[in-house]
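Chemist: Count the sequence shown with this note's numbering and you get residues 572 to 766, in order.
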Amino acid sequence: MILAREFIGYLSRQLVSRLSPGAFETSNPAVAAEFIAQIIGEDLSLEDKLNDEVRELLEDYSDYMRRENVSYHEMFRRIKNQLLAQRKVVRASGRDTGDGMKLSRDKVNDLAHKLVSAMRKSRDFRVRKDPNELRLSLVREITSILQMEDRVDRAARQKIRTQKRDIAEGGEEYDLLHKRYYAEELKKLGINLNS
């Protein structure tokens, strides 16, 4: 998933603490945060499922791609774009569209729309603002948190690049170091993803 489940939980808890009680009220902040995390997690997992579907499709055409000298990455991108358009799914990855953050601006806006709609239907929330004002507040807060996360991610990657030897991205050692340095950078900001 483009955002770790722990980070989605943190993001959800932050949204509840930053926007309640000004934008909405909730009797149980933990339940509200879990509700928000579930909506975000389910929405982001749609693209993961779509990626798996594209990989399965490409397995069937591996001989054709080899014969026609077609790049796997190019075919993956084409098929994924076609499926995204057909299913009207907003692309999650901001880096694919030139955004600096992990989530695209369109995806953040789409998530905010879905959250507002779900909050208005849920008994756990009492929306105090106009729905569009609440959506804008959600977009602003999600963007702020994602920008902080991006700075933490860049700092962790920089620490890995400054090692005495090259560590290839995507390898097990890289992933372990990234996880450790990422947690250290978050800790500097006073953030514990598990609480």
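Yeah, the Cβ is synthetic: ideal placement off N, Cα and C, and Gly gets one too.
1) For the alpha helix (DSSP H) that Asp623 lies in, which residues bound it at each end?
2) Where do the N-terminal and C-terminal ends of the alpha helix (DSSP H) with Val687 fall, by residue?
3) From Ser633 to Asn622, what distance separates their C-alpha atoms?
4) When we look at the beta-carbon of Glu596 and count the other beta-carbons within 10 Å, is it buried (16 or more) or exposed?
5) Helix, strand or coil: which one does DSSP assign to Met720?
6) Suppose contacts are defined by Cβ-Cβ distances below 8 Å. Is Val660 in contact with Glu704 by that definition?
7) Apart from the five residues just before and just after Ala608, which ones in its own chain have a Cβ nearer than 7 Å to its Cβ?
8) Figure out for me which residue from Glu577, Leu590, Arg576 has the closest Cα to the Cα of Ala683.
9) Which of the three DSSP states is assigned to Glu596 in this structure?
10) With the cut-off set at 8 Å, would you say Val679 and Met690 are in Cβ contact?
11) Tell me the rounded alpha-carbon separation between Val687 and Leu707.
12) Suppose you measure from the CA of Leu629 to the CA of Tyr643; what does that come to, to the nearest Å?
13) With 16 other CB atoms within 10 Å as the buried threshold, where does Glu720 fall?
14) Look at the alpha carbon of Tyr635 and the alpha carbon of Lys620, and state the distance between them as a whole number of angstroms.
15) If you drop the 5 nearest sequence neighbours on each side, which residues of the same chain put their C-beta closer than 8 Å to that of Ile650?
Modeler: According to the data block:
1) For Asp623, the enclosing alpha helix (DSSP H) stretches over residues 600-631.
2) Counting along the chain, the alpha helix (DSSP H) containing Val687 begins and ends at 676-692.
3) Inter-residue distance for Ser633 and Asn622 is about 16 Å (C-alpha atoms, whole angstroms).
4) The residue in question, Glu596, is exposed, as its Cβ has fewer than 16 Cβ neighbours within 10 Å.
5) In the sequence as displayed, the identity of residue 720 is Glu instead of Met. In the structure shown, Glu720 sits in a helix (DSSP, three-state: H, G or I).
6) Taking C-beta atoms as the reference points, Val660 and Glu704 fail to come closer than 8 Å.
7) The residues are Ile579, Gly580, Ser583.
8) Ranking Glu577, Leu590, Arg576 by Cα distance to Ala683 puts Leu590 first.
9) DSSP places Glu596 in strand when its eight states are reduced to three.
10) Not a contact, by the Cβ cut-off of 8 Å.
11) Approximately 10 Å, taken between the alpha carbons.
12) Their backbone Cα atoms lie some 8 Å apart in a straight line.
13) Glu720 is buried by the Cβ-count criterion.
14) Rounded to whole angstroms, Tyr635 to Lys620 spans 24 Å at the Cα level.
15) Val625, Leu628, Leu629.
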